[in-house]
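Encoded as structure tokens, the structure appears first; notes follow it.
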Amino acid sequence: LLENNRQWAQAVQETDPNFFKTLAEKQEPKILWIGCSDSRVPVNQIVQLGPGEIFIHKNIANVVCHSDLNCLSVLQYAVEVLKVEHIVVCGHSNCGGVAAALGQQQFGLIDNWLRNVKDVYRLNQNEMDKIDNAKERLMKLVEYNVINSAENIVHSTIVQNAWKRGQKLTVHAWVYNLEKG
Numbered sequence: 167l168l169e170n171n172r173q174w175a176q177a178v179q180e181t182d183p184n185f186f187k188t189l190a191e192k193q194e195p196k197i198l199w200i201g202c203s204d205s206r207v208p209v210n211q212i213v214q215l216g217p218g219e220i221f222i223h224k225n226i227a228n229v230v231c232h233s234d235l236n237c238l239s240v241l242q243y244a245v246e247v248l249k250v251e252h253i254v255v256c257g258h259s260n261c262g263g264v265a266a267a268l269g270q271q272q273f274g275l276i277d278n279w280l281r282n283v284k285d286v287y288r289l290n291q292n293e294m295d296k297i298d299n300a301k302e303r304l305m306k307l308v309e310y311n312v313i314n315s316a317e318n319i320v321h322s323t324i325v326q327n328a329w330k331r332g333q334k335l336t337v338h339a340w341v342y343n344l345e346k347g
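First residue of the sequence shown: 167, per our numbering; consecutive thereafter.
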């Protein structure tokens, strides 16, 4: 990993000698990305943005809930200090966290976290129970979970206060399809 970094830094510096000097001075991302920790969703790569261009927070199943002080701190910093203009909550197909929430198996500490996703299932159970195909059920819960997280962001005092101040801020709910990129 260290050698990969050295080679990358050298290649970047050869292309743009001032890149790291400029990057070290400040960050001015216009986007906060809240996504899943899944290694198959490399944010900067899939949206073709470089270092300093997107502020990123990841957790299992891209959950945003009122009790997660880590996520809320990131949200507050992004909105109030960085003044991002867009907040993207992005889930993805074949999410292992959401799949685990659909199952009955216990995994340990993560079960407490997945309770958030199980609650989303419960809130949408009538629609979920109409879906017989397991892959389609998983995808539908991924979608509902993203919407729930986006709604939690919209209802947060952080975003509500930003809008009261007239701050330009849009919340997006996206699902990344691993099979299609």
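Ideal Cβ positions, reconstructed from N, Cα and C, are used throughout, including at glycine.
Check                                                                                                              : Outcome
Exposed unless 16 or more other CB atoms sit within 10 angstroms - verdict on VAL247                               : exposed
heavy atom of the ligand GTP below 8 Å from VAL283 C-beta                                                          : This structure simply doesn't include the ligand GTP, nor any ligand for that matter.
Contact belief for VAL320 with VAL308 at Cβ below 8 Å, rounded distance in angstroms                               : Actually they do not touch by this definition, with Cβ atoms about 19 Å apart.
Among ASP277, GLY257 and SER315, nearest to ASP204 - alpha-carbon criterion                                        : GLY257
Residue burial classification, PHE221 (beta-carbon count within 10 angstroms, cutoff 16)                           : buried
Residue of ILE212, GLN333 and SER322 minimising C-alpha distance to GLU345                                         : ILE212
Check whether VAL207 and TYR310 have beta carbons under 9 Å apart                                                  : no
Integer Cβ distance of ILE297 from VAL254, believed to fall under 8 Å                                              : In fact, because the Cβ distance is near 26 Å, the residues do not count as touching under 8 Å.
Three-pair Cβ contact test at 8 Å for the segment 184-202 versus the segment 275-290                               : no
Nearest candidate by alpha-carbon position, reference HIS232, set ILE324, LYS330 and LEU167                        : ILE324
Assigned secondary structure, ASN184 (DSSP; H/G/I helix, E/B strand, else coil)                                    : coil
Sheet register partners of VAL341 (DSSP bridge)                                                                    : GLY257
Closest by C-alpha distance to ASN260, when choosing among LEU289, LEU304 and CYS202                               : LEU304
Closest by C-alpha distance to GLN333, when choosing among ARG288, HIS252 and PHE273                               : HIS252
Close-in-space but distant-in-sequence residues of the same chain around ALA316 (CB under 6 Å, 5 per side omitted) : VAL255, VAL337 and ALA339
CYS237 - containing beta strand (DSSP E), residue span                                                             : Where CYS237 is concerned, there is no enclosing beta strand (DSSP E), although the alpha helix (DSSP H) it sits in stretches over 235-242.
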